[in-house]
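K.L.:
In order, the protein sequence lines correspond to chains A and B.
In the working numbering, each residue's number is its place in the first sequence (first place is 1) plus 1349.
In the working numbering, each residue's number is its place in the second sequence (first place is 1) plus 9.
Backbone N, C-alpha and C define an ideal beta-carbon position, used for all residues, glycine too.
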Amino acid sequence: MLKRGATKKARVMSLEEAVKTFIKDGCMIGFGGFTGFNRNPTAVAWEMVRQGVKDLHVMDRHGSVCTWMLNAVGAIKIYETDWMGWGEMAGKLDVNLERNYKAGKMILEDYSHGAMAMRFLAGAIGAPFIPYYAPLGSDLYNPKYDALGRAGLRGKNPKIPKLKFQEMADPFFGAGNVMLLPAARLDVAVIHVAQCGEKGTARWRGIGTIDKEICFAADKVIVVCEELVPEAELRKNPENNQIPYFVVDAIVECPWGGYPSSVPFYYDYDAPFMRVMDVASRNTEDLKKWVDDWVRGPKTWEEVMTKVGAKRLLDLKADSVTGYSTRIMRGKKPAPRMKMPLSVARSGY
Amino acid sequence: MAKTSEELMALIDKIPDEPAKSGEFILPELMAIQIAHQVRNDDIVFAGTGLPMVGIMTANMLNAPNALLIYEAGICDGKTMHVPMSVCDQRAANMSSSLGGLVDTFGFFLQQGFVSLGFLGGAAIDKYGGVNVTSIGDYWSPAHRFTGSGGNSDIGTLSKRVAYIILQEKRRFLERNEYTTTPGWWCWDFKKNEWRPKKEVWKGTPYADSGPVAVVTNMGVYKFDDKGEIFLETFHPGVTVEQIKENCGFDLNVKNVKGETKPPTYRELFVLREFVDAELIFLPQKVEYPASIQKIING
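1) In this structure, does DSSP put Ile1378 (chain A) in helix, strand or coil?
2) Can you tell me the Cβ-Cβ gap for Ala82 (chain B) and Asn1387 (chain A), rounded? I've got them flagged as a contact below 8 Å.
3) Can you tell me where the beta strand (DSSP E) holding Ala133 (chain B) begins and where it ends?
4) Can you tell me where the beta strand (DSSP E) holding Lys232 (chain B) begins and where it ends?
5) Between the C-alpha atoms of Leu1530 (chain A) and Ser1461 (chain A), what's the straight-line distance to the nearest angstrom?
6) Taking Lys295 (chain B) as the reference, give the member of B:Ser301, B:Asp286 and B:Ile302 with the closest Cα.
7) Beta-carbon of Trp1432 (chain A) versus every beta-carbon of chain B: anything under 8 Å?
8) Give, in chain order, every unbroken run of the alpha helix (DSSP H) that is at least 4 residues long and sits entirely within the region 1371-1441 of chain A.
9) Could you tell me which residues DSSP pairs with Trp197 (chain B) in its beta bridges?
10) Gly1434 (chain A) and Ile1563 (chain A) look like a contact to me (Cβ under 8 Å); what is the Cβ gap, rounded to whole Å?
11) Can you list the residues of chain A that Phe284 (chain B) reaches, using a CB-CB cut of under 8 Å?
12) Please name the residue, chosen from A:Tyr1618, A:Thr1550 and A:Tyr1490, that lies closest to Gly1672 (chain A) on a Cα-to-Cα basis.
13) Leaving aside the five residues before and after Lys136 (chain B) along the sequence, list all residues of the same chain whose C-beta is less than 7 Å from its C-beta, in chain order.
14) Could you compute how far the alpha carbon of Thr274 (chain B) sits from the alpha carbon of Ile302 (chain B)?
15) Give me the chain B residues within the contact set of Asn1387 (chain A), using Cβ-Cβ distance strictly less than 9 Å, ordered along the chain.
16) What residue from A:Ser1363, A:Arg1410, A:Ile1559 and A:Val1398 has the CA that sits closest to Met1418 (chain A)'s CA?
17) Buried or exposed: which applies to Pro293 (chain B), given that a residue is buried once 16 or more other Cβ atoms fall within 10 Å of its Cβ?
18) Using only the alpha-carbon positions, how far apart do Gly263 (chain B) and Glu178 (chain B) sit?
19) Cβ closer than 7 Å: which chain B residues qualify as neighbours of Leu1470 (chain A)?
20) Restricting to runs no shorter than 4 residues, where is the alpha helix (DSSP H) found entirely within the region 1565-1651 of chain A?
21) Which residue wins for smallest C-alpha separation from Pro132 (chain B), given the options B:Phe155, B:Cys257, B:Arg205 and B:Asp86?
22) May I have the straight-line CA-CA distance separating Trp194 (chain B) from Gly138 (chain B), to the nearest angstrom?
23) Is it buried or exposed, Gly1463 (chain A), if we count other Cβ atoms within 10 angstroms and call 16 or more buried?
24) Give me the Cα-Cα distance between Glu1576 (chain A) and Trp149 (chain B), rounded to the nearest whole angstrom.
25) Which bits of chain A does Ala8 (chain B) rub up against, with CB to CB less than 8 Å?
26) In whole angstroms, give me the CA-to-CA distance for Ile1456 (chain A) and Val1414 (chain A).
27) List, from N- to C-terminal side, the beta strand (DSSP E) runs of 3 residues or more that fit wholly inside the region 32-91 of chain B.
28) Does chain B have any CB closer than 8 Å to the CB of Phe1514 (chain A)?
29) Going straight from the alpha carbon of Asn227 (chain B) to that of Thr189 (chain B), what length do you get?
30) Hey, out of A:Ser1696, A:Arg1534, A:Met1687 and A:Tyr1615, whose CA is closest to Asp1668 (chain A)'s CA?
31) Alpha carbons only, please: which of B:Phe182, B:Ala223 and B:Glu283 is nearest the one belonging to Glu255 (chain B)?
32) Look at the alpha carbon of Gly1501 (chain A) and the alpha carbon of Leu1512 (chain A), and state the distance between them as a whole number of angstroms.
33) Could you check what DSSP says for Gly1498 (chain A) in three-state terms: helix, strand or coil?
34) Taking contact to mean at least 3 C-beta pairs separated by less than 8 Å, is the region 1490-1499 of chain A in contact with the region 215-227 of chain B?
35) Along the chain, which unbroken stretches of the alpha helix (DSSP H) at least 4 residues long are found entirely within the region 220-283 of chain B?
36) Are the C-beta atoms of Lys169 (chain B) and some chain A residue less than 8 Å apart?
The structure is reproduced here in structure tokens:
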């Protein structure tokens, strides 16, 4: 359980040790970043597959490279989320997830993106639930469609709420009916950031998605970073830090550990690689081969990146000005070099 | 010698803002520009990944330069130079006013009521603009399971105006959805167990009057009447009203048809092709400009 009223002492450890120590079979876990594109803690999911972690209850706002990989080996038993896709324009639906679900191998609990964000906010601030104008009349709030309730899972695990939602008339301002949503509470949160100090203070650049909320909503927090830097350096500009050290349990330094998603100002996402993953997931044999080639074959994350190859990594290296790469071919034509967005040129500031 | 982006930028006002002729543009271009036309200059827009994002970016570079674009993952007023492949793409964060997370976008911006236009996709839509992005068939053992809501049901109900882009097929235009992810102007009231107007179900909330106003498909553009029922406003060039009725699963109101959808102009196409999706990520191919336009571009 979450130990309140005390700071945690984060330890710097290897990928292997962090997974072995904190991620158990059947645990409730959430991953940081956004879909398959931004700051996915891919290396952790990769190591989880290698260690054979199973029966997971993933609570997340949407799929990612992490859930795609875990689904590929059937490691997810309960998936409580709002968007079962993962790759957006590089492979929208997790085809294998749909296959596993239709075969009755897993439970899906549907919410919406805003609802999951609010649930994590409630989890993060220690509130038991949160009111949200979640859509009345949506089948998301059809009393018949409660997957965890149907499976008899409510009220047993203390982290699984007794109800999926509770509709209530606004008692304070009389502003219609509002949905009370239960706090999202995790056993483990895993995020991937740019820099982390040896005490655990963490910093990312670019969007925050829901990383801070999931860290505060979890009992255990694993922070994977591109660079382990002196804590004192991060304290020189504390306004740029997002995660205070006292919630962090494990720090793992793993350069390129977010691949094939992007880490802004470090590297871009590898859309062609994601498209190959998407194609592989379309039949079980290709998928198994992909897992053998990319997950079970290489012995370390460094070997994975060696297999990706230096040329690709050079193309993905982010520009220090924009935070992304203008050298990677994402579509059929190379990216134009630009000094100013047209929308700014035409409207000015 | 290929022109630089800055040289191309200087040409925009020289490209005629006149409708292109049949064969000079492709359907995805027409659809993207139709999306752009829904955006007003003072809009705060919250759009989903894909063609909606491409359309609103185009608007931001043309008819609605002051529109503020929100991208789901935490981006406020992103000013893109390169088309994002996701709403969390660092490309969308370029020159933004502020960056945050989902609590910012869904809480501070959306639930707080700032968003005036939501633009979304959908797998199927009903007569009253209710959208399904969840599943086809029985919910527990579906014939097809899609991604599920994502931000669709939030953005589609808490934005003042909502517009959708949907592929038009008989099985996607329905009297009633099998699963309603995002309710339209009529929805199920689970308390009373009946199908009722959204305005009544949502009575008292700040969003009772918010809902779908337009739908863009590969065949036409639709609006909603006072009763919340969808009607055909324009049909795309080369498509007949009869064909549209055949590709609709209910008796479509075609009494208010204004005529053919206005084709994109050369200037709109120029901006879409050279500045929005120059990398050909969303658009399948680069279409040649007619000689008169190419001459202006060549200088």
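P.N.:
The structure says:
1) strand
2) 7 Å
3) Ala133 to Asp135
4) Gly229 to Phe233
5) 11 Å
6) B:Asp286
7) yes
8) 1391-1400 and 1414-1421
9) B:Trp204
10) Incorrect: roughly 19 Å between the Cβ atoms, too far for contact.
11) Leu1691
12) A:Tyr1618
13) Glu184, Glu238, Ile239 and Phe259
14) 11 Å
15) Ala82, Ser95, Cys97, Asp98 and Gln99
16) A:Val1398
17) exposed
18) First, the amino acid is wrong: residue 263 (chain B) is Val here, not Gly. Those two C-alpha atoms are separated by around 17 Å.
19) Val112
20) 1580-1583, 1620-1629 and 1633-1640
21) The sequence given here places Ala at residue 132 (chain B); Pro does not occur at that position. Residue B:Phe155 is the option with its Cα nearest to Ala132 (chain B).
22) 6 Å
23) buried
24) 45 Å
25) In the structure as shown, chain B begins at 10 and stops at 308. Residue 8 (chain B) is therefore absent and cannot be evaluated.
26) 19 Å
27) 53-56 and 77-80
28) no
29) 22 Å
30) A:Tyr1615
31) B:Phe182
32) 11 Å
33) helix
34) no
35) 250-255 and 275-280
36) no
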